[in-house]
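Structure record follows, encoded as structure tokens.
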Amino acid sequence: MARGQSAGSHLHLAHRRRGAASEGAPGARRRRVRREGGGIVGEVRLGPVRVRPTRARSALLAGAGIVWGVGACDTPVPAPAADRYAGYAEIVAEEDARGGIGLERIEAHLAGDSPALRALAVRALGRLEDPGQVERIVPLLDDAEGEVREAASHAIAQAVFGADPGVVARVLAERIGTEGDPAVLGAIATSLGRLAFGTADARAEADAALVAAAEHIPSVEEDPGLAGRVGLARGIEAFARNGQGGG
Numbered sequence: 165m166a167r168g169q170s171a172g173s174h175l176h177l178a179h180r181r182r183g184a185a186s187e188g189a190p191g192a193r194r195r196r197v198r199r200e201g202g203g204i205v206g207e208v209r210l211g212p213v214r215v216r217p218t219r220a221r222s223a224l225l226a227g228a229g230i231v232w233g234v235g236a237c238d239t240p241v242p243a244p245a246a247d248r249y250a251g252y253a254e255i256v257a258e259e260d261a262r263g264g265i266g267l268e269r270i271e272a273h274l275a276g277d278s279p280a281l282r283a284l285a286v287r288a289l290g291r292l293e294d295p296g297q298v299e300r301i302v303p304l305l306d307d308a309e310g311e312v313r314e315a316a317s318h319a320i321a322q323a324v325f326g327a328d329p330g331v332v333a334r335v336l337a338e339r340i341g342t343e344g345d346p347a348v349l350g351a352i353a354t355s356l357g358r359l360a361f362g363t364a365d366a367r368a369e370a371d372a373a374l375v376a377a378a379e380h381i382p383s384v385e386e387d388p389g390l391a392g393r394v395g396l397a398r399g400i401e402a403f404a405r406n407g408q409g410g411g
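The opening residue of the sequence shown carries number 165 in the numbering used here; numbering runs sequentially from there.
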């Protein structure tokens, strides 16, 4: 017995080794392992049996996209498609690298089948705060899914943050008359208000676009979540604040 090792801990270690040796034996069972004082510290798997999920294990599996069943069911229940989590990781990696490792995976997801990943990818482009990404973002403003168009409306304004917005205000304004999703209209209005206009004419153009957005916001009955109105209010507030700096 090693110095400083109690008899109880020695027996506990031996018990675990015997359990490991019997792994895979037909008909083997599980045994609860107790520490001195009688407290149960876990279970040793002595054969091809299911392992009872602990809190730590459940947390790890949840992070990997697996959720344990409730009650007596020990069968893992799959969360949303695993490729969504892998895609998210790819997008975040390229976003965090600020283009240093390329944008190939983001570009691939922009054209992918998953609306959620398309939205994440276009949002990542906006977060680069690079006006050079506007060309990549524009096509997503016409995506078939509202969540993607909403993300693209925010992303295109973020891409030109602190810079001359160029054609961005006009590109957003052109979609107000045809956009039927109140959340997307709200996002367009918010982005219009946040642009940094370099001339009075550009500011007047955005002002007119915000008025048009207000006229196209659906009724409360059609937009019970008030997404359009909240987005419009944010845009008007941002527009007013930007004007205080001169412009």
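Idealized CB from N, CA, C, for every residue including glycine.
Completely contained alpha helix (DSSP H) runs for the region 255-335, where each covers 4 or more residues
268-274, 279-291, 298-301, 310-323
Neighbour-count burial assignment, GLU259, 16 or more Cβ in a 10 Å radius
Along the sequence shown, one-based indexing puts residue 259 at 95. Buried, by the Cβ-count rule.
Helix, strand or coil: how does DSSP classify VAL213 here?
Translated into the one-based positions of the sequence shown, residue 213 becomes position 49. Confidence at VAL213 is low in this model, with a pLDDT of 37, below 50, so the placement of that residue should be treated as unreliable; the coordinate-derived value is given next. Three-state result, VAL213: coil.
Taking the beta carbon of ARG428 as the centre, do at least 16 other beta carbons fall within 10 Å, making it buried, or is it exposed?
Coverage of the chain is limited to positions 165 through 411, which leaves residue 428 absent and any answer about it impossible.
Give, in chain order, every unbroken run of the alpha helix (DSSP H) that is at least 4 residues long and sits entirely within the region 338-385.
With a minimum length of 4 residues, the unbroken runs of alpha helix (DSSP H) contained wholly in the region 338-385 fall at 346-358, 364-380.
Take HIS273 and list the residues in its own chain whose beta-carbon comes closer than 8 Å to its own, dropping the five residues that flank it on each side.
Counted from its first residue, the sequence shown places residue 273 at position 109. Closer than 8 Å at the Cβ level, and outside the excluded window around HIS273, lie GLY251, GLU254, ILE255, LEU281, ARG282, LEU284, ALA285.
Under 7 Å between C-beta atoms of GLY350 and VAL394:
As a first step, residue 350 must be located in the sequence shown, where it is residue number 186. As a first step, residue 394 must be located in the sequence shown, where it is residue number 230. Judged by their CB atoms, GLY350 and VAL394 are nearer to each other than the 7 Å cut-off.
Give me the Cβ distance between GLY326 and ALA366, rounded to the nearest whole Å; I'm assuming they're in contact under 8 Å.
Taking the sequence shown and counting its residues from 1, one reaches residue 326 at position 162. Taking the sequence shown and counting its residues from 1, one reaches residue 366 at position 202. Between the beta-carbon of GLY326 and that of ALA366 there is about 15 Å, and that puts the pair past the 8 Å contact cut.
Using a 10 Å radius around the Cβ and a threshold of 16 neighbouring Cβ atoms, would you call ARG141 buried or exposed?
With the chain running from 165 to 411 in the structure shown, residue 141 is simply not present.
What is the rounded straight-line gap between the Cα of PRO346 and the Cα of ASP387?
Working through the sequence shown from its first residue, we reach residue 346 at position 182. Working through the sequence shown from its first residue, we reach residue 387 at position 223. When rounded, the distance between both Cα atoms is 7 Å.
Inter-residue spacing [alpha-carbon to alpha-carbon] between LEU356 and ALA391
Translated into positions along the sequence shown, residue 356 becomes position 192. Translated into positions along the sequence shown, residue 391 becomes position 227. Going from the Cα of LEU356 to the Cα of ALA391 covers about 16 Å.
Beta-carbon proximity check, ALA319 vs GLY344, cutoff 7 Å:
For this step, residue 319 is matched to residue 155 along the sequence shown. For this step, residue 344 is matched to residue 180 along the sequence shown. No, the Cβ-Cβ distance between ALA319 and GLY344 is not below 7 Å.
Could you tell me the boundaries of the alpha helix (DSSP H) in which GLY395 lies?
Locating residue 395 in the sequence shown gives position 231, counting from the first residue. Where GLY395 is concerned, the enclosing alpha helix (DSSP H) stretches over 391-407.
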